[in-house]
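Participant: Going by the numbering used here, the first residue of the sequence shown is number 63, and it counts up by one from there.
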Amino acid sequence: MADRKYLYTERAHYMCPNMHFGIMAEIGAEFDENGIIESIGVLKSAHPLMRSLIAEEQGSPRVFYEEHPELEIPVTIKETDDDWQADYEAVSTAGWNVQKEALLKVFAYPSGSGTRVLFITHHLLCDGRGLLQLVQEFADHYANGTRPNSVNEKLMESPNDLPRGSDLGFISNLLIRGSNKKWRKEGHKVSYDEYLKFERDHDSKQKIKREIKSVDAEELDALLGLCRENGVSLNDYLIAEMMIEESTDKVVIASDIRDKIKSYKKGALGNYATAFGVVVRKRSSEIMELAKAVGHEVRSIISKPDREMLVLSCYFNMDPELLDAVAISTLGSFESGAGRFVGSKMFGYEKRDGHCITNLGRIESSVIREGVFIPPASPANRKTWGVLTINRKMRICVSFRISTTGFC
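(1) Using CA coordinates, which residue listed in F338, S325 and M350 is at the minimum distance from L288?
(2) My understanding is that M77 touches D386, with C-beta atoms under 8 Å, so please give their C-beta distance in whole angstroms.
(3) In three-state terms, what does DSSP make of V277?
(4) Go ahead and label S347 buried or exposed: buried means 16 or more other beta carbons lie within 10 angstroms of its beta carbon, across all protein chains shown.
(5) Would you check if the distance between the CB atom of R272 and the CB atom of I436 is smaller than 8 Å?
(6) Just to confirm the assignment, what range does the alpha helix (DSSP H) spanning G240 have?
(7) Which residues in the same chain have their Cβ closer than 8 Å to the Cβ of S317, if we skip the five residues on either side of it in sequence?
(8) Suppose contacts are defined by Cβ-Cβ distances below 8 Å. Is L292 in contact with K354 by that definition?
(9) Using the three-state DSSP reduction, which class does E17 fall into: helix, strand or coil?
(10) Going by C-alpha distance, which of W447, R414, D415 and R463 is nearest G423?
(11) Would you please state the rounded distance, in angstroms, between the beta carbons of E132 and L115? I believe it to be under 8 Å.
(12) Ignoring anything shorter than 4 residues or poking outside the region 291-337, list the alpha helix (DSSP H) runs there in chain order.
(13) For W447, which three-state DSSP category applies?
(14) Please determine, among V429, V460, A400 and M456, the residue with the shortest C-alpha to C-alpha distance to P438.
(15) Under the rule that 16 or more other beta-carbon atoms within 10 Å means buried, what is S428, buried or exposed?
(16) Taking H184 and V160 to be in contact with their CB atoms under 8 Å, please state how far apart those CB atoms are, rounded to whole angstroms.
(17) For the structure I just gave you, are there three or more beta carbon pairs, one from the region 273-282 and one from the region 449-456, closer than 8 Å?
(18) What residue range is occupied by the uninterrupted alpha helix (DSSP H) comprising T155?
(19) Taking the alpha-carbon of C35 as reference, which of L450, I301 and D65 has the nearest alpha-carbon?
(20) On the CB-based measure, 16 or more other CB atoms within 10 Å of its CB, does S395 come out buried or exposed?
(21) In this structure, does DSSP put G174 in helix, strand or coil?
(22) Going along the chain, which residues of its own chain have a beta-carbon closer than 6 Å to the beta-carbon of D381, five neighbours each way excluded?
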């Protein structure tokens, strides 16, 4: 059907564990259970993807967002906010059946004179910037009655949606074409029920810990001043800091591409981000010197669409059912040489020692006092930083895997 929204780059999130993340936000408005539920309903009416489940097209390998106007977004009202991390962990360990469960789950807590909300979303609903927008829309309606604009999301559908020059290079193209060919020769595929069984087993063996680091206004201002003096961005500094702390020469970062692609409509949910590895082989132990080298490398990558958009180009060119098999064949018992090759050599699921930073940037808000971004715990990463700055209060949520044993 012409109006169906199909999964293309989003297909990489369909059968992969730990594809959820969250934002905990403190809102300066009196706790009102009915107001919370009403505001979630207003958001759902504005965003088609919020009222969608994932469905498989009959007789086709294609998968799409299927609207269900009656779909309820689960909202859990708690008496205190002492256990919000436990609530997040409970969602993580329960798995997420995206064919039957809404792509957003909400917890709400009274907090002194205000309200705390925990939004947990599946990556199929949006990227990190999209979730931050959703939290802002919720806060504006909950505190002030401001309704968000209704947006009919248009997702990326083909490589033509990417910037000119994003085509795969010769080696990448050769690897993906070879993997597709090998996958088709194998002549099998992963069912979603089979994936869910793997996901439950995988999640039961994970031990992921999260810690929150706080940088308040005075310290942040001093750090920003130091970055300006040295001609580096705060993000360059954070990447350098992670490289030094973790003794690594590579950090993967997320990159917002809303202003670079043709399909994005302002205010839409969906995934409009890419990711790439920042590599500095000759690491300096002096953080500002390293940050300068990081900044040079980042600028070099984002100036070349074939490098910045590489992961998205790979998704577009890979057989979608091979994408489904990547995680389960690398981390589980499904036998696929093609899936295991992609998972181990291209996605990092075999070594599982990656480092990643997702920085959602800085916002000023009259209704949100502060917030924490809880990043996804990708199977490829050993440690991930989620960074969010609200009203000059920067919070870094450090997510790290403390056990990777017990896989079947």
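Here a beta-carbon is modelled for each residue, glycine too, at the ideal position from N, C-alpha and C.
Facilitator: Taking the geometry as given:
(1) As a working mapping, residue 288 is identified with position 226 in the sequence shown. Considering only alpha carbons, the answer is M350.
(2) For the purposes of this step, residue 77 is taken as residue 15 along the sequence shown, with counting starting at 1. For the purposes of this step, residue 386 is taken as residue 324 along the sequence shown, with counting starting at 1. Confirmed, about 4 Å.
(3) Start at 1 with the first residue of the sequence shown, and residue 277 comes out as number 215. Note: V277 maps to strand in three-state DSSP.
(4) The residue given as residue 347 occupies position 285 in the sequence shown. By the neighbour-count rule (16 or more Cβ atoms within 10 Å), S347 is not buried but exposed.
(5) In the sequence shown, the residue the question calls residue 272 occupies position 210. In the sequence shown, the residue the question calls residue 436 occupies position 374. Taking 8 Å as the Cβ cut-off, R272 and I436 qualify as a contacting pair.
(6) Position 178 of the sequence shown, counting from 1, holds the residue named residue 240. Taken as a continuous stretch (DSSP letters only), the alpha helix (DSSP H) holding G240 covers F232 to E248.
(7) Indexing the sequence shown from 1 puts residue 317 at position 255. Result list for S317: A335, T336, A337, F338, I364 and E370, in chain order.
(8) Here the question's residue 292 lines up with position 230 in the sequence shown. Here the question's residue 354 lines up with position 292 in the sequence shown. It is worth fixing the name first, because residue 292 is Asn in this sequence and not Leu. Cβ atoms of N292 and K354: closer than 8 Å.
(9) Because residue 17 is not part of the residues shown, which for the chain are 63 to 470, the question remains open.
(10) As a working mapping, residue 423 is identified with position 361 in the sequence shown. Checking every option, the nearest Cα to that of G423 belongs to W447.
(11) What you label residue 132 is simply residue 70 of the sequence shown in a count that begins at 1. What you label residue 115 is simply residue 53 of the sequence shown in a count that begins at 1. E132 to L115, Cβ: 11 Å. No contact.
(12) 296-308
(13) Residue numbering aside, residue 447 sits at position 385 when the sequence shown is read from its first letter. W447 falls in the strand class under three-state DSSP.
(14) By one-based count along the sequence shown, residue 438 stands at place 376. Minimum Cα distance to P438 is reached at V460.
(15) Reading the sequence shown from its first residue, position 366 is the one you call residue 428. Exposed.
(16) Here residue 184 is taken as the residue at index 122 of the sequence shown, counted from 1. Here residue 160 is taken as the residue at index 98 of the sequence shown, counted from 1. At roughly 6 Å, the Cβ-Cβ gap stays under 8 Å, so H184 and V160 are in contact.
(17) yes
(18) As a working note, residue 155 is residue 93 in the sequence shown. For T155, the enclosing alpha helix (DSSP H) covers residues W146 to A156.
(19) Here the chain has residues from 63 to 470 only, and residue 35 is not among them.
(20) In the sequence shown, the residue the question calls residue 395 occupies position 333. S395 should be labelled exposed.
(21) For the purposes of this step, residue 174 is taken as the residue at position 112 of the sequence shown. In the structure shown, G174 sits in coil (DSSP, three-state: anything other than H, G, I, E or B).
(22) Working through the sequence shown from its first residue, we reach residue 381 at position 319. So the list reads N242 and W245, once near-sequence residues are dropped.
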